[in-house]
Amino acid sequence: NIPTARWTRRPPHSHSLIVLSSPRAGSPLLAYTRLPLLFLALWLGGIVYFSSALAPVAFSVLPPSLAGHVVSPALHRLHFHGLLAGILYLLWTLVRGQHFGAAPRTRILLILLALTLTATSEFQITPRIAAARAAAGADLSEPALGPDEAAARRRFDQLHVWSVGLELGTLVSLLTLFGLSATSTKPD
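Just so we're on the same page, the numbering used here is the position in the sequence shown counted from 1, plus 26.
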């Protein structure tokens, strides 16, 4: 029941180059109907790459203070790319929602959840992490020099746990959403 790609002669009024045929539906499924999957795949790929490759490698080969200077801007970019992909997915779903078969509301709720978690991480947690890091001293791997630095480091650790939890929640909601979207075979 997986759509298969085949090249066809393009009708004069058609704007698609590739037509997907869905064996179950028995009618053509235009390639652009799968564009929302690309938005989700890019966001998911970014999260997986960031959490499984970029951050662990940065912290394994660089001193923690330098690794933080690599990971923090990368996280900002991941968040903004994710917000862009999520907004594009949401707009696509709202405009084309009547063609998505069952559960368009579930998809909208899941993408809104992912967007909310990402925005919370970017605009609420990440600035607080930066402030706690600055207050804790240059190198978080060194012992704290005083009670203020120690308190800032505890705050940094707490906020980091929140940040990881928000990314995990985003990942789970996107995986669920991707599964729902990828299994939709209802044609336009």
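Glycine residues also receive a C-beta, built at the ideal position from the N, C-alpha and C atoms.
Model, not experiment: these values are computed from the prediction.
Legend entry - Closest Cα partner of Ala100 within the set Ser207, Asp174, Ser86, Ala79: Numbered from 1 along the sequence shown, position 74 holds the residue referred to as residue 100. The shortest Cα separation from Ala100 among Ser207, Asp174, Ser86, Ala79 belongs to Ala79.
Inset, instruction - Would you be able to state if there are at least three C-beta pairs under 8 angstroms between the segment 137–155 and the segment 111–118? - result: yes
Inset, instruction - Could you tell me if Glu168 is buried or exposed, where buried requires 16 or more neighbouring beta carbons within 10 angstroms of its beta carbon? - result: Numbered from its first residue, the sequence shown carries residue 168 at position 142. The residue in question, Glu168, is exposed, as its Cβ has fewer than 16 Cβ neighbours within 10 Å.
Legend entry - Straight-line Cα distance separating Gly94 from Ala161: Stepping through the sequence shown from its first residue, residue 161 is reached at position 135. Stepping through the sequence shown from its first residue, residue 94 is reached at position 68. Cα to Cα, Ala161 sits roughly 14 angstroms from Gly94.
Inset, instruction - With hydrogens ignored, establish whether the beta-carbon of Thr202 is closer than 7 angstroms to any heavy atom of the ligand MG. - result: In the structure on display, the ligand MG does not appear, and there are no ligands present to speak of.
Inset, instruction - Could you check the C-alpha separation between His107 and Trp69 for me, to the nearest Å? - result: As a first step, residue 107 is located in the sequence shown; it is residue number 81 there, counting from the start. As a first step, residue 69 is located in the sequence shown; it is residue number 43 there, counting from the start. Approximately 7 angstroms between the Cα atoms of the pair.
Legend entry - Beta-carbon proximity check, Ser207 vs Leu66, cutoff 8 angstroms: Indexing the sequence shown from 1 puts residue 207 at position 181. Indexing the sequence shown from 1 puts residue 66 at position 40. Yes, they are a contact pair.
Legend entry - Nonlocal neighbours in the same chain, by C-beta distance under 7 angstroms from Arg181, ignoring five residues either side: Along the sequence shown, read from residue 1 onward, the residue named residue 181 stands at position 155. So the qualifying residues of the chain are Ala158.
Legend entry - Classification of Val97 by the beta-carbon crowding that lies within 10 angstroms, buried from 16 upward: One-based indexing of the sequence shown puts residue 97 at position 71. Buried: at least 16 other Cβ atoms inside 10 Å.
Inset, instruction - Taking Thr144 as the reference, give the member of Gly72, Leu61, Phe204, Leu192 with the closest Cα. - result: Working through the sequence shown from its first residue, we reach residue 144 at position 118. The residue with the shortest Cα to Cα distance from Thr144 is Leu192.
Legend entry - Nearest residue (CA-CA) to Arg122, options Val187, Leu64, Leu197, Arg60: Numbered from 1 along the sequence shown, position 96 holds the residue referred to as residue 122. Per the Cα distances, Arg60.
Legend entry - Alpha-carbon to alpha-carbon, Ser86 and Ser199: The residue labelled residue 199 in the question sits at position 173 within the sequence shown. The residue labelled residue 86 in the question sits at position 60 within the sequence shown. Rounded to whole angstroms, Ser199 to Ser86 spans 29 angstroms at the Cα level.
Inset, instruction - Express the C-alpha separation of Trp188 and Ser77 in angstroms, rounding to a whole number. - result: Walking along the sequence shown from the start, residue 77 turns up at place 51. Walking along the sequence shown from the start, residue 188 turns up at place 162. Their backbone Cα atoms lie some 15 angstroms apart in a straight line.
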